[in-house]
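See below for the structure under consideration.
Residue numbers (this note's numbering): 2 to 385.
If you want it as structure tokens, here you go:
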């Protein structure tokens with residue numbers, strides 16, 4: 002694409018005036034292209050003060066490019082970037098008010114913990130007394146004051162992460178950017194460090210923009226989750242909203258474990274739609290008026306695998322289908338059952354142990370049920 006970066010029509014004084022209501026980070030129409038590949042298609046995103054926002058998506062979706070543009074390591078082809086209300090499109094990395102915590106922490110192995118934390122302050126030629134005071138302050142904040150004289154090569158993965166965050170905090174950033182910071186940790190340590198990181202963010206009340214491909218990290222730590230696909234934001238919302246109410250086919254297939262049933266609207270009744278597909282007729286709550294499908298429209302019905310049961314639930318209106326058991330998979334505290342509903346449709350059912358054992362062999366036809374209200378309707382015209 003190339004060309005000059007789009008710059009808002011605004012005076013220099015206005016552009017650098019911070020508004021008390023400005024989010025810590027705001028992106029508007031940010032676009033980036035590498036050769037013929039468009040990495041970002043006009044992305045809009047905001048991080049409010051003290052908010053923990055996680056950006057997740059598959060490899061190549063544009064999330065790391067987005068982070069590098071915010072950090073100043075890549076230049077967007079178009080769009081606006083504001084930090085605390087100030088446009089930063091032409092500011093160098095060290096003047097943007099953001100700090101990046103790298104995937105591998107990027108600590109200096111020849112320096113002590115203290116040397117790593119004070120590095121940015123020393124480069125800015127701060128007075129030694131100021132440097133020492135700041136190092137002590139941030140080390141105390143992230144609980145590594147006892148480690149200041151240690152070499153970083155002597156630290157655990159969790160300790161290294163805290164050193165990297167302390168180094169970022171030392172220069173008083175408006176927002177901290179984190180690029181897959183837990184990916185190098187084993188599963189046990191990752192779970193513990195997740196909790197520590199969220200507690201630290203809350204205590205500091207500083208904004209985090211956190212990039213990950215790991216759904217459990219995003220859902221357990223973030224106030225809001227941004228799901229990206231092929232350079233576009235597919236959906237933004239709370240973890241619960243994203244998980245329980247996907248708005249596009251991609252989100253429904255990417256997040257959690259959902260069954261997607263292609264159907265067609267054949268009727269309406271009392272605030273519900275009636276749809277027909279390979280499973281027969283199924284019912285679902287009618288979508289909001291602005292996205293309400295018409296008679297004959299194709300739709301996708303989304304049902305969480307954990308909502309599918311072997312027996313109907315008394316007092317609840319149910320959808321029911323028949324499917325044949327094809328495979329089972331033991332995944333720790335859960336058992337996942339894979340069933341063939343005909344027409345190439347696979348239905349998955351998740352059952353918690355110790356209730357996961359089915360007295361049914363492979364190839365057995367089964368009746369499956371779920372609450373009508375647990376069905377989400379997606380128009381086929383929604384982005385895929």
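For glycine and all other residues, C-beta sits at the position ideal for the given N, C-alpha and C. On a predicted model such as this, the values are computed, not experimentally measured, just so you know.
Start-to-end residues for the alpha helix (DSSP H) that takes in residue i
i, result
"residue 65", "64-72"
"residue 161", "158-170"
"residue 119", "114-124"
"residue 252", "250-255"
"residue 189", "188-205"
"residue 181", "First-last for residue 181: undefined, no H or E at that position."
"residue 220", "216-222"
"residue 282", "Segment 281-286 is the beta strand (DSSP E) holding residue 282; no alpha helix (DSSP H) there."
"residue 133", "129-142"
Run of the beta strand (DSSP E) containing residue i, from where it starts to where it stops
i, result
"residue 35", "26-35"
"residue 325", "319-332"
"residue 347", "347-353"
"residue 391", "Only positions 2 to 385 of the chain appear in the structure, and residue 391 is not among them; the question remains open."
"residue 1", "Nothing can be reported for residue 1, as the shown portion of the chain is limited to 2 through 385."
"residue 237", "233-238"
"residue 339", "335-341"
"residue 278", "273-278"
"residue 209", "208-213"
"residue 260", "259-270"
"residue 82", "79-84"
"residue 100", "99-102"
"residue 46", "38-48"
"residue 372", "366-372"
"residue 55", "53-57"
Span separating the alpha-carbon of residue i from that of residue j
i, j, result
"residue 319", "residue 298", "23 Å"
"residue 53", "residue 122", "26 Å"
"residue 252", "residue 148", "43 Å"
"residue 69", "residue 75", "6 Å"
"residue 116", "residue 171", "12 Å"
"residue 24", "residue 82", "11 Å"
"residue 366", "residue 353", "21 Å"
"residue 108", "residue 84", "26 Å"
"residue 55", "residue 379", "24 Å"
"residue 66", "residue 237", "18 Å"
"residue 288", "residue 255", "21 Å"
"residue 373", "residue 47", "35 Å"
"residue 381", "residue 161", "46 Å"
"residue 128", "residue 209", "29 Å"
"residue 177", "residue 211", "8 Å"
"residue 86", "residue 133", "31 Å"
"residue 227", "residue 324", "35 Å"
"residue 344", "residue 329", "20 Å"
"residue 292", "residue 311", "32 Å"
"residue 315", "residue 273", "20 Å"
"residue 153", "residue 186", "16 Å"
"residue 340", "residue 247", "23 Å"
"residue 51", "residue 174", "12 Å"
"residue 317", "residue 179", "44 Å"
Distance between beta carbons of residue j and residue i, contact taken as under 8 Å
i, j, result
"residue 275", "residue 268", "4 Å"
"residue 302", "residue 266", "Not a contact, Cβ separation roughly 11 Å."
"residue 326", "residue 369", "Wrong, their Cβ atoms sit about 10 Å apart, outside the cutoff."
"residue 71", "residue 112", "At roughly 27 Å, the Cβ-Cβ gap does not stay under 8 Å, so residue 71 and residue 112 are not in contact."
"residue 119", "residue 131", "With a Cβ gap of about 10 Å, residue 119 and residue 131 do not count as contacting."
Check whether residue i and residue j have beta carbons under 9 Å apart
i, j, result
"residue 181", "residue 215", "yes"
"residue 285", "residue 376", "yes"
"residue 32", "residue 77", "yes"
"residue 142", "residue 203", "no"
"residue 1", "residue 57", "Given a span of 2 to 385 for the chain in the structure shown, any question on residue 1 remains unanswerable."
"residue 167", "residue 145", "yes"
"residue 114", "residue 151", "yes"
"residue 36", "residue 80", "no"
"residue 260", "residue 309", "yes"
"residue 191", "residue 218", "yes"
"residue 106", "residue 188", "no"
"residue 157", "residue 104", "no"
8 Å Cβ shell around residue i - same chain, five flanking residues per side excluded
i, result
"residue 258", "305, 306, 307, 337, 349 and 351"
"residue 73", "89, 92, 93, 94, 97 and 99"
"residue 239", "224, 225 and 226"
"residue 282", "267, 275 and 276"
"residue 296", "266, 267, 268 and 269"
Cβ shell of residue i (< 7 Å), same chain only, five flanking positions each side left out
i, result
"residue 221", "195"
"residue 342", "279, 280, 322, 324 and 348"
"residue 124", "none"
"residue 245", "none"
Beta-carbon contacts of residue i that lie in its chain and below 6 Å, excluding the five residues immediately before and after
i, result
"residue 39", "232"
"residue 313", "319 and 370"
"residue 230", "58, 62 and 251"
"residue 193", "none"
"residue 139", "167, 170 and 171"
"residue 294", "266, 300 and 380"
"residue 42", "232 and 233"
Near the ligand ADP: residue i beta-carbon under 8 Å from a heavy atom
i, result
"residue 189", "Absence of the ligand ADP is noted for the structure shown, with no ligands found whatsoever."
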